[in-house]
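J.:
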Ligand code: GLN
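Numbering (this note's numbering), first residue to last: 1177 to 1664.
1) Among the residues of its own chain, which have a CB less than 8 Å from the CB of residue 1196, if the five just before and after it don't count?
2) Tell me where the alpha helix (DSSP H) around residue 1275 begins and ends.
3) How many Å lie between residue 1585 and residue 1560 at the Cα?
4) Of all the options 1652, 1653, 1634 and 1237, which has the alpha carbon lying nearest to the alpha carbon of residue 1373?
5) Could you pull the start and end residues of the alpha helix (DSSP H) that residue 1608 belongs to?
6) Measuring only the C-alpha atoms, how far is residue 1491 from residue 1428?
7) Report the three-state DSSP secondary structure of residue 1535 (helix, strand or coil).
8) Taking the beta strand (DSSP E) that residue 1392 falls in, what are its first and last residues?
9) Tell me the residue span of the beta strand (DSSP E) that contains residue 1599.
10) Give the range of the beta strand (DSSP E) segment to which residue 1298 is assigned.
11) How big is the Cα-Cα spacing for residue 1507 and residue 1311?
12) Would you say residue 1535 touches ligand 1, meaning its beta carbon is less than 6 Å from a heavy atom?
13) Say the cut is 6 Å; is the CB of residue 1351 nearer than that to a heavy atom of ligand 1?
14) Is residue 1604 closer than 7 Å to residue 1352 when the C-beta atoms are compared?
15) Comparing the CB of residue 1305 with every heavy atom of ligand 1, is any distance shorter than 6 Å?
16) Output needed for residue 1486: all residues of its chain with C-beta closer than 8 Å, excluding positions within five of it in sequence on either side, in chain order.
17) Can you list, in chain order, the residues of its chain whose CB lies under 8 Å from that of residue 1589, leaving out five sequence neighbours each side?
18) For residue 1350, name the three-state secondary structure that DSSP assigns.
19) Along the chain, where does the beta strand (DSSP E) containing residue 1638 start, and where does it finish?
20) Taking 8 Å as the cut-off, does the region 1402 to 1409 touch the region 1608 to 1626 (at least 3 CB pairs, one atom from each stretch)?
21) Span of the beta strand (DSSP E) holding residue 1630?
22) Just to confirm my understanding: we take residue 1544, look at its own chain, exclude 5 residues before and 5 after, and list those with CB closer than 6 Å. What are they?
23) Here's a check: name, in chain order, each residue in its chain whose Cβ is nearer than 8 Å to the Cβ of residue 1322, leaving out the five neighbours to either side.
24) Give me, in chain order, the residues of the same chain whose beta-carbon lies closer than 7 Å to that of residue 1618; leave out the 5 immediate sequence neighbours on both sides.
25) Give a single yes or no on whether residue 1483 has its beta carbon closer than 6 Å to a heavy atom of ligand 1.
26) Have a look at 1510, 1376, 1441 and 1338 and flag the residue whose alpha-carbon is nearest the alpha-carbon of residue 1395.
27) Rank 1348, 1349 and 1334 by C-alpha distance to the C-alpha of residue 1342 and give the top, closest one.
28) Using C-beta distances below 8 Å, list every residue in its chain close to residue 1259, excluding the 5 sequence neighbours before and after it, in chain order.
29) Would residue 1481 be called buried (16 or more neighbouring beta carbons within 10 Å of its own) or exposed?
30) Once the 5 residues before and after residue 1375 are set aside, which same chain residues still bring their CB inside 6 Å of it?
31) Along the chain, where does the beta strand (DSSP E) containing residue 1282 start, and where does it finish?
32) Let me check understanding here. Comparing Cα to Cα, which of 1442, 1562 and 1193 lies closest to residue 1235?
33) Three or more beta-carbon pairs under 8 Å between the region 1462 to 1477 and the region 1427 to 1443, yes or no?
34) Report buried or exposed for residue 1572, applying the criterion of at least 16 other Cβ atoms within 10 angstroms of its Cβ.
35) Does the distance from the CB of residue 1217 to the CB of residue 1317 come in under 7 Å?
36) Since residue 1666 is in the beta strand (DSSP E), which residue starts that stretch and which ends it?
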């Protein structure tokens, strides 16, 4: 295998054993970027010089005989809605096209403290609103497994980079599936931790009660290590939970004996792709053979999760995006007075999908409609959560598809927002309930596109998800397959 195909844990061992230097590794990934980035278009900003300087500093440290930490000297990428001090953070929006944050997100500070090499900022749907990366104001990212297909979204750039070998690891954000669904579409591992497990400080807010940052990696081992680095309490985020972080690598054991897994019947929706259904059912059988106990359950309020999410998320987004007024942040258009200036700024610099959600959100929050829409959505959110609470009294992990279909063609759904929203049926309920979820590669469609299995856990029980995902992963070879990008 080539260097760009290796996960972080293999590269870490190679660095420790002096088989490679961080500079060689970083240059190998940068040449991979030169080779395939034109086809994939995962990055909005590349920080080549900084990456080379970071790599050289790590090599000097190794030469001095100092010990290195897990991600030290290993190149990865950050979604462009996570603030990086001194490096442009656009949220893939024209309104922030020149925004350079004066501070870094807590997650970025933690990665810097680790001396991870940061290659740049990855593409997304504008302000993380979307599921295909086609809503980026700059360009759509392409799926490395078939560049005519979407990589999923909104963290499509992060997932595509990891799948293409143009980043060893990446960080994404997930409000309604934006880590797990692109991971599933690109054949990589993606985890949305429990709400509050990872600090959101410095993540540009989309829907604050749903947003969470998490890792996108080539395998479950890397996922556990990176969660160790980024999880934990932060005084800068009042919703961050103040609970000790277990060592998630201790959960990297091949053992699901006695674990109770549940299949929620509502997640096998009408119209689900038959290849997806087969891959998931086969994988569940595999987990059963490995010693897990499998039961069927019902989560009856699943049917209402999409409509609930598409009221709550736009309502919070409408409020969060008020700050882009041409005064405090980002671009400013001309206007005869302040109201005219603000109107022109927001009309010119926000994209269609962002405007649609601001309209829906403000409508749902307006006097007279608030009770009928927003307040009702909050009540249904509670019911969705109670379904899970009840299920988790009897089972340890819920198993289902990550998305109802594999990656589809660019342009296929973009003109039909409703069809696009319905794609989120398996991922949004977890965000409403604040639960952790992981997507792990579990097969391929008849057209050779990756399929992901989603595992849902109890609050703060990421360890059991890692253990289940790892046991499954080690029983087959899907995580070792690589996209044959450009036939290479
Ligand atoms: N696809 C969902 C949406 O469009 C989820 C996005 C996300 O998780 N950021 O809102």
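No residue lacks a Cβ here, since even glycine has one placed at the ideal position from N, Cα and C. If you're wondering where the values come from, they're calculated on a predicted model, not measured in any experiment.
T.: With the given structure in hand:
1) Setting aside the 5 residues that flank it on each side, residue 1196 is surrounded in the same chain by 1179, 1187 and 1190, each with a C-beta closer than 8 Å to its C-beta; the list follows chain order.
2) Premise fails: residue 1275 is in no alpha helix (DSSP H) and is neither H nor E.
3) About 32 Å.
4) Put simply, of 1652, 1653, 1634 and 1237 the residue whose alpha carbon is nearest the alpha carbon of residue 1373 is 1634.
5) In this chain, the alpha helix (DSSP H) harbouring residue 1608 covers 1604 to 1609.
6) Distance between the alpha carbons of residue 1491 and residue 1428 is about 39 Å.
7) In this structure, residue 1535 counts as helix in the three-state DSSP scheme.
8) Residue range 1388 to 1393 is occupied by the beta strand (DSSP E) that includes residue 1392.
9) In the DSSP assignment, residue 1599 falls outside any beta strand (DSSP E), carrying neither H nor E.
10) Where residue 1298 is concerned, the enclosing beta strand (DSSP E) stretches over 1293 to 1298.
11) Cα to Cα, the separation comes out at about 19 Å.
12) No, the Cβ of residue 1535 stays beyond 6 Å of every heavy atom of ligand 1.
13) It does: the Cβ of residue 1351 is within 6 Å (strictly closer) of some heavy atom of ligand 1.
14) Yes, the pair counts as a contact, with Cβ atoms nearer than the cut-off.
15) Remark: the shortest separation between the CB of residue 1305 and any heavy atom of ligand 1 falls under 6 Å.
16) 1536 and 1597.
17) Correct list, in chain order: 1308, 1595, 1596 and 1599.
18) The DSSP-derived three-state label of residue 1350 is strand.
19) Boundaries for residue 1638: no beta strand (DSSP E) harbours it, while the alpha helix (DSSP H) harbouring it runs 1638 to 1650, taken from the DSSP string.
20) Taking 8 Å as the limit for Cβ pairs, the verdict is that the region 1402 to 1409 does not touch the region 1608 to 1626.
21) Counting along the chain, the unbroken beta strand (DSSP E) around residue 1630 starts and ends at 1626 to 1633.
22) Cβ within range, chain order: n/a, list empty.
23) For residue 1322, where only same-chain residues beyond five positions count, the Cβ hits under 8 Å are 1583, 1623, 1624 and 1625.
24) Same-chain partners within the cutoff: 1455, 1456, 1459, 1627, 1628, 1629 and 1654.
25) Exclusion of residue 1483 from the 6 Å shell around ligand 1 follows from its C-beta lying no nearer than that to any non-hydrogen atom of the ligand.
26) Residue 1338 holds the alpha-carbon nearest to the alpha-carbon of residue 1395 among 1510, 1376, 1441 and 1338.
27) The shortest C-alpha to C-alpha distance from residue 1342 to any of 1348, 1349 and 1334 is the one to 1334.
28) Cβ neighbours of residue 1259 beyond the five flanking positions: 1265, 1277, 1279, 1280, 1281, 1284, 1378, 1379 and 1380.
29) When all chains shown are included, residue 1481 counts as buried.
30) So the list reads 1282, 1410, 1413 and 1416, once near-sequence residues are dropped.
31) Run containing residue 1282: none in the beta strand (DSSP E); it sits in the alpha helix (DSSP H), 1282 to 1289.
32) Taking only the C-alpha atoms, the option nearest residue 1235 is 1193.
33) Touching, per the Cβ criterion.
34) The Cβ neighbour count for residue 1572, taken over all protein chains shown within 10 Å, is at least 16; the residue is labelled buried.
35) Contact: yes.
36) An answer regarding residue 1666 cannot be provided, because it is not within the stretch 1177 to 1664 covered by the chain.
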